[in-house]
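In order, the protein sequences belong to chains Z and H.
Residue 648 in the working numbering sits at position 271 of the first sequence, and the numbers go up by one each step.
Residue 635 in the working numbering sits at position 150 of the second sequence, and the numbers go up by one each step.
Ideal Cβ positions, reconstructed from N, Cα and C, are used throughout, including at glycine.
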Amino acid sequence: MAAIETAQRPVVRKPIDWWRWAGRVFLTFLMLFTVLPMAWMILTSVKSQFAAMQYPPQWWPSEPTLNNYFKLLDPTNRIGREFLRYFWNSFYVSLLTTILGVVVAVPAAYAFSRFRFPGRTFLFFSVLVRNMFPAVVFLMPLFLLMRWMGLVNTHGSLILTYLTFGLPLSIWLLKGFYDNIPIQLEQAARIDGATRFQAFILIVMPLSSPGIIATSIFSFIGAWNEYVYAYTFLSRDDQMTLPVGIQRFFTEFATDWPGLMSATFLMSVPVVVLFLVLQKYFVRALTEGAVKH
Amino acid sequence: MAEVVLKDVMKNYGSLYAVNNVSFAVEHGEFVALVGPSGCGKTTTLNLIAGLIPMSGGDIVIGDRVVNDLDPKDRDIAMVFQNYALYPNKSVFKNLAFPLQMRKLPKAEIEAKVMAAAKVLDISHLLERRPRELSGGQQQRVALGRALVRDPAAFLMDEPLSNLDAKLRVAMRSELKRFHHNLNATVIYVTHDQLEAVTMADKMAVMHGGVLQQYDTPANVFGNPVNTFVASFVGSPAMSLIPLDVVSKGTEVALRSPEEGWELPLSPMNARKASASSNGKLVLGARHSTLKLHKSAAAGAAPGKVYTVEPTGDVTFAQIFVNGAVVNISLDPTVAIEPDEAVWIEFDQDRMHLFDGETTMALKAA
Ligand SMILES: Nc1ncnc2c1ncn2[C@@H]1O[C@H](COP(=O)(O)OP(=O)(O)O)[C@@H](O)[C@H]1O
Ligand SMILES: [Mg+2]
Chain Z
378 MAAIETAQRP VVRKPIDWWR WAGRVFLTFL MLFTVLPMAW MILTSVKSQF
428 AAMQYPPQWW PSEPTLNNYF KLLDPTNRIG REFLRYFWNS FYVSLLTTIL
478 GVVVAVPAAY AFSRFRFPGR TFLFFSVLVR NMFPAVVFLM PLFLLMRWMG
528 LVNTHGSLIL TYLTFGLPLS IWLLKGFYDN IPIQLEQAAR IDGATRFQAF
578 ILIVMPLSSP GIIATSIFSF IGAWNEYVYA YTFLSRDDQM TLPVGIQRFF
628 TEFATDWPGL MSATFLMSVP VVVLFLVLQK YFVRALTEGA VKH
Chain H
486 MAEVVLKDVM KNYGSLYAVN NVSFAVEHGE FVALVGPSGC GKTTTLNLIA
536 GLIPMSGGDI VIGDRVVNDL DPKDRDIAMV FQNYALYPNK SVFKNLAFPL
586 QMRKLPKAEI EAKVMAAAKV LDISHLLERR PRELSGGQQQ RVALGRALVR
636 DPAAFLMDEP LSNLDAKLRV AMRSELKRFH HNLNATVIYV THDQLEAVTM
686 ADKMAVMHGG VLQQYDTPAN VFGNPVNTFV ASFVGSPAMS LIPLDVVSKG
736 TEVALRSPEE GWELPLSPMN ARKASASSNG KLVLGARHST LKLHKSAAAG
786 AAPGKVYTVE PTGDVTFAQI FVNGAVVNIS LDPTVAIEPD EAVWIEFDQD
836 RMHLFDGETT MALKAA
């Protein structure tokens, strides 16, 4: 008779995955680093000017107030009027930059992906040269160029500048998308009765919409947050975009911290909303478009 | 009336002639297989017929129109692609409806036609699914359905079965043949698989290096290959090709092995063909089933050495070295031979093929 084995099962200790833990710790720090200033910004924005200046600081506002927000969003007073004007300027410049960016990047990327033409490689890489230099390097040359074209003190100068900065990435990203769409899909559509253009609009465009959305977010945020060029190219008060406007506006005499913070918070709202709504596409764009299947 | 005619069709990419002077005519209702090894220009030819790429030269006629400058959409053709090319963001129903929508048919008619095609193809239960939710075989059917919903002048198919597993491929092969029969449709079918071509097609166009080698019925291509390429490409196992010298002794003509010295006397008919050789050399071609194996020297037999023996059940295939060339032969399974055994191969004078040693073209009696 076989002896019943009562072998003790060895206690299997799951080895601690140090990499995973290191990653968690790192992410926690990274989150604190980004979230704390945001939290402080929001907390300060609901304090009164007096409470904001107290020392030691009030960690939690004793008398929270939304007055700063009402003031900013009320077009009947001077502050509200100007803030809303800056907000509109920023929105208008960013939106136009985004739309024009898509209008240029989509056909450009498609052409780079589908057509073989002389100078194709050279052109494609020269598009990227802009990204090899920090943006400020182009500040003076572009300023001179804009002055020569008579565009200084117009929103056109900003839109043109933001376009040149945003396009390389947009084209590069979108080309990856078009490379991954089999040419047979367009061919099938053309045989099924579509013109070349219809095949592009009806079949290819919908398939590349995650890429188009991602590049749109990139150019919108880039334009929305830009400071140095707006500061240099614009001097008239009624043309200012938000980053420059806010900074000038609230530091005119003494810094109105709660006012500044609530304006900054309002400025970040469109970007955050954009991201939350479209992040699904954004992630897909960055993972799908980049990798060859 | 011929439905599709190609005349001196050319396509070059720089100095590479992907399609070189190809001419053939497909009759109405004919199933033509365009066959050849990978890279020989089959897809390019099909794309030229479809109008998906511009021609470098020549003419293409579909129906009664020269279509050289027409867009694909105006050529009245349907196409099935190797990778199916189903629209990934559309449901099966919308995939099938797309060609009809583009032709602005009324909604009710579109629905009726899609339903009818889906029924024929047995995909009615899949209409709401997306292509990626289908198996390979189902995708294949949808691709076929998208071609069938219309009533085109010709169907073009680019290796439609090559992505299916072997069993499904054989099943779809018979089904496709049945479709062709029922619809009486004109089909140009691209494949690299000569067996598919031989079994399905009314006529086959064998291509090699962008050049059309032979355009004929499968029986004729099999029975009278025009050159050594066609001879070795069509048929499995491949036709054996042995390079030999032609020697004449008075009225007698024989073939001599340049290396081993043995001679093979030719029948009068074959002698006349051999005499037409341009440089005194030729290639002897023989299919496995026409050869006879002897265990000892025999008249009209060439000496060889067994290389491999492959029993398959009802027939045994053997490879035998004759004059340095591999000869395929089929044997009765009861024949016992061993690798490295010396054997003699007898050729059937009536069913052997003789090709010119220089041009590789089939020799004709002068
Ligand atoms: N767009 C192209 N540019 C350059 N060469 C090509 C192009 N398309 C096909 N070719 C070449 O033409 C030849 C025929 O290709 P193809 O028609 O696809 O062959 P098949 O379908 O018979 O395998 C190949 O040598 C291929 O490399
Ligand atoms: Mg091919």
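Taking CB distances under 7 Å as the criterion, tell me whether residue i reaches chain Z.
i, result
"residue 502 (chain H)", "no"
"residue 506 (chain H)", "no"
"residue 566 (chain H)", "yes"
"residue 588 (chain H)", "yes"
"residue 712 (chain H)", "no"
"residue 489 (chain H)", "no"
"residue 558 (chain H)", "yes"
"residue 537 (chain H)", "yes"
"residue 572 (chain H)", "yes"
"residue 583 (chain H)", "yes"
Determine, using beta carbons only, whether residue i comes closer than 7 Å to chain H.
i, result
"residue 491 (chain Z)", "no"
"residue 696 (chain Z)", "Nothing can be reported for residue 696 (chain Z), as the shown portion of chain Z is limited to 378 through 670."
"residue 569 (chain Z)", "yes"
"residue 589 (chain Z)", "no"
"residue 580 (chain Z)", "yes"
"residue 583 (chain Z)", "yes"
"residue 426 (chain Z)", "no"
"residue 431 (chain Z)", "no"
"residue 562 (chain Z)", "yes"
In chain order, what residues of the same chain have a beta carbon less than 6 Å from the beta carbon of residue i, not counting five sequence neighbours either side?
i, result
"residue 463 (chain Z)", "617, 619, 622"
"residue 806 (chain H)", "789, 790, 792"
"residue 475 (chain Z)", "593, 596, 597"
"residue 761 (chain H)", "848, 851"
"residue 635 (chain H)", "563, 584"
Using only the alpha-carbon positions, how far apart do residue i and residue j sit?
i, j, result
"residue 514 (chain H)", "residue 611 (chain H)", "30 Å"
"residue 512 (chain H)", "residue 664 (chain H)", "17 Å"
"residue 512 (chain Z)", "residue 599 (chain H)", "56 Å"
"residue 644 (chain Z)", "residue 530 (chain Z)", "22 Å"
"residue 565 (chain H)", "residue 519 (chain H)", "14 Å"
"residue 810 (chain H)", "residue 633 (chain H)", "48 Å"
"residue 668 (chain Z)", "residue 406 (chain Z)", "In this predicted model, residue 668 (chain Z) has a pLDDT of only 40, less than 50, meaning its place in the structure is not dependable; the value taken from the coordinates is given anyway. Using only the alpha carbons, I get a separation of about 30 Å."
"residue 823 (chain H)", "residue 787 (chain H)", "18 Å"
"residue 503 (chain H)", "residue 690 (chain H)", "16 Å"
"residue 561 (chain H)", "residue 552 (chain Z)", "32 Å"
"residue 628 (chain H)", "residue 569 (chain H)", "6 Å"
"residue 849 (chain H)", "residue 646 (chain H)", "38 Å"
"residue 472 (chain Z)", "residue 456 (chain Z)", "24 Å"
"residue 642 (chain H)", "residue 497 (chain H)", "22 Å"
"residue 523 (chain Z)", "residue 525 (chain H)", "56 Å"
"residue 451 (chain Z)", "residue 434 (chain Z)", "29 Å"
"residue 496 (chain Z)", "residue 482 (chain Z)", "18 Å"
"residue 508 (chain H)", "residue 494 (chain H)", "6 Å"
"residue 558 (chain H)", "residue 768 (chain H)", "48 Å"
"residue 648 (chain Z)", "residue 574 (chain H)", "29 Å"
"residue 589 (chain H)", "residue 642 (chain Z)", "52 Å"
"residue 650 (chain H)", "residue 661 (chain H)", "16 Å"
"residue 501 (chain Z)", "residue 710 (chain H)", "50 Å"
Please classify residue i as buried or exposed, where buried requires at least 16 other C-beta atoms within 10 Å of its C-beta.
i, result
"residue 488 (chain H)", "buried"
"residue 564 (chain Z)", "buried"
"residue 819 (chain H)", "exposed"
"residue 578 (chain Z)", "exposed"
"residue 415 (chain Z)", "exposed"
"residue 838 (chain H)", "buried"
"residue 440 (chain Z)", "exposed"
"residue 487 (chain Z)", "buried"
"residue 706 (chain H)", "buried"
Within its chain, find whatever has a CB closer than 8 Å to the CB of residue i; leave out the 5 residues flanking it on each side and keep chain order.
i, result
"residue 572 (chain H)", "579, 580, 583, 616"
"residue 566 (chain Z)", "575, 576, 579, 580"
"residue 752 (chain H)", "834, 835"
"residue 744 (chain H)", "808, 809"
"residue 779 (chain H)", "786, 828, 829, 830, 831"
Under 7 Å Cβ to Cβ from residue i, same chain only, skipping five residues before and after it: list those, please.
i, result
"residue 722 (chain H)", "773, 802, 813"
"residue 602 (chain Z)", "620"
"residue 519 (chain Z)", "538"
"residue 460 (chain Z)", "449, 640"
Those residues, in chain order, that have a beta-carbon closer than 5 Å to some heavy atom of ligand 1
Taking every residue with its beta carbon within less than 5 Å of a heavy atom belonging to ligand 1 gives, in chain order, H:498, H:503, H:523, H:524, H:525, H:526, H:527, H:528, H:529.
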